[in-house]
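Below is one structure; the comments refer to it alone.
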Amino acid sequence: MRILIIAPYFAPNPEVASVRMVSLSSQLVSDGHSVTVLCLSRKGLLRENAPEELTASVPDGVRTIRFDLDYSTAPLVADYLNGKRFARALSSLVDPANYDVVLNTCGPYYPLEAASIIGRWGIPYVLDFRDLGAINYRPAIVSGSGAGAAKAALKRLYGKLIKRRERRAVSLADRVICISGIDLEAMERAYGLGSKASVATNGFDEARLVSIRPSGDKPFDLTAAVFGKFMYYDKDKAAAILEAICEIRARGVDAGLAHIGKKYDWIDGVMKSKCIDSACYLNLGLMEYQAGMARLGDADFFVVEDTSPDDVGTKIYDYIFWNKPVVAVVPPEGPLAKLLSGFANGFVCTTSDEVRAAVERIAAERLDCLDPNLDRDRFSRRHQNKLIEGILEDAVKEARQR
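If you're matching positions, the sequence shown starts at 337 in the working numbering and goes up one per residue.
See below:
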């Protein structure tokens, strides 16, 4: 197959939004397919990342088409405006005659604005929702959110605009891929996907971890670690983790959290406001996947904070790879809580006291694995990439039969 992947965030960006398609494109090329990725230019990536953060490599054999936009940063509606600009630029970037199928991964979600253009190309169009989009719109974490009637009205308008855009894109797609069964159910309720819906979860990227070993640079005697976003979705839940570690540290234990990922501007302020000892938090910065995984392997246990009632997330699979205890401050009835509860040493917490009790148990009982009977291969990307490859092949086959 000749495959066009639309993935604005791609290598050299090393973050979660990029990893799924970097892994998939590499495996597709290995399986003999021709793969082109339409992705942001280095200039575009530098709007959100420092130069030293752009550490990931484009897989061998994968061709890239780089684009940039007159990028809007308008509060709340930037994604919608950038979608309009992306749609206007698409025809000059891509010759549809060169491809058998288009895979558009979301998010970011602004390329959905081009769905009607892709629909006119006459080739199969597959949508991959690595996160729920418009139907999981969370205005509390949208840039520019805040109090006031005008902003509240603007947020409602923005929500309607992106839902209309997403509904149109889904209706034009030949296939829709969701990240979990719960996400698929939510999309089905919203859009009536029927037989064109499939599930392909995330996973750890075992192809890049064949010879991975812990780095040996352990920052604390009792080290917790998080790889990816921290104190992004819920400041209070993240603070509960730090408060628990801080209390243990106050008892004379060299305990701390190593954060592999972007340090948000507000983290220091939240720690100060809650009287959290800054010595219990160490930010290691953004890292390329393999380097980050090596540092992750140094930890004694991992932590998770999120507010989503619908998603398992991505980094949990990297934690499963290392098979070490996980302490999660997440909605207790959500899919991530249910997944972790199935492991011997997966701890689901809602308060700093519960986090502290979990950490104390990990230390006192010297718990060193997530589960002694873990079937790790079930959680690899390789299996999920093969599923996506099959979905693309079926879409092409059906298009040729029409």
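The C-beta atom is built at its ideal place from N, Cα and C for all residues, glycine as well.
With contact counted as at least three CB pairs below 8 Å, one residue from each stretch, are the region 454-473 and the region 426-441 in contact?
yes
Could you tell me the alpha carbon to alpha carbon distance between residue 431 and residue 412, rounded to whole angstroms?
32 Å
Can you tell me which of 499, 492, 659 and 373 puts its alpha carbon nearest to the alpha carbon of residue 523?
499
As assigned by DSSP and simplified to three states, the class of residue 497:
helix
Relative to the C-alpha of residue 629, which residue among 345, 346, 342 and 350 is closest?
350
So, with DSSP's three-state summary, where would you put residue 412?
coil
Backbone secondary structure at residue 464 - three-state DSSP
strand
In whole angstroms, give me the CA-to-CA distance for residue 417 and residue 493.
13 Å
For the alpha helix (DSSP H) holding residue 619, just list the boundary residues, first then last.
No alpha helix (DSSP H) holds residue 619; the beta strand (DSSP E) holding it covers 617-619.
By the three-class DSSP mapping on this structure, what secondary structure does residue 525 have?
helix
Taking residue 538 as the reference, give the member of 713, 622 and 424 with the closest Cα.
713
For residue 376, which residues from the same chain have a beta carbon less than 6 Å from its beta carbon, with the 5 sequence-adjacent residues on both sides left out?
344
Since residue 663 sits in a beta bridge, which residues does DSSP pair it with?
639 and 683
Assigned secondary structure, residue 709 (DSSP; H/G/I helix, E/B strand, else coil)
coil
At least three beta-carbon pairs within less than 8 Å, the region 539-550 to the region 609-626
yes
Please classify residue 586 as buried or exposed, where buried requires at least 16 neighbouring CB atoms within 10 angstroms.
exposed
Answer yes or no: do residue 620 and residue 652 have a C-beta to C-beta separation smaller than 8 Å?
no
Give every residue of the same chain whose Cβ lies closer than 7 Å to the Cβ of residue 701, excluding the five residues on either side of it in the sequence, and list them in chain order.
none
Among residues of its own chain, excluding the 5 on either side of residue 705, which ones have a beta-carbon nearer than 8 Å to its beta-carbon?
659, 660, 661, 680 and 681
Residue 364: which of 735, 726 and 574 sits nearest, CA to CA?
726
Apart from the five residues on each side of it in sequence, which residues of its chain come closer than 6 Å, Cβ to Cβ, to residue 683?
663 and 694
Do you know how far the Cα of residue 445 is from the Cα of residue 472?
12 Å
Would you say residue 392 and residue 361 are within 8 Å of each other, going by their C-beta atoms?
no
Where does residue 480 fall in DSSP's three states?
Low per-residue confidence applies at residue 480: pLDDT is 48, beneath 50, and the placement is therefore not dependable, though the value from the model is reported in the following sentence. Coil.
Contact defined as beta carbons within less than 8 Å: I believe residue 556 pairs with residue 513. What is the distance between those atoms, to the nearest angstrom?
The Cβ separation is near 39 Å, so there is no contact.
What residue does the alpha helix (DSSP H) around residue 378 start on, and which one ends it?
378-381
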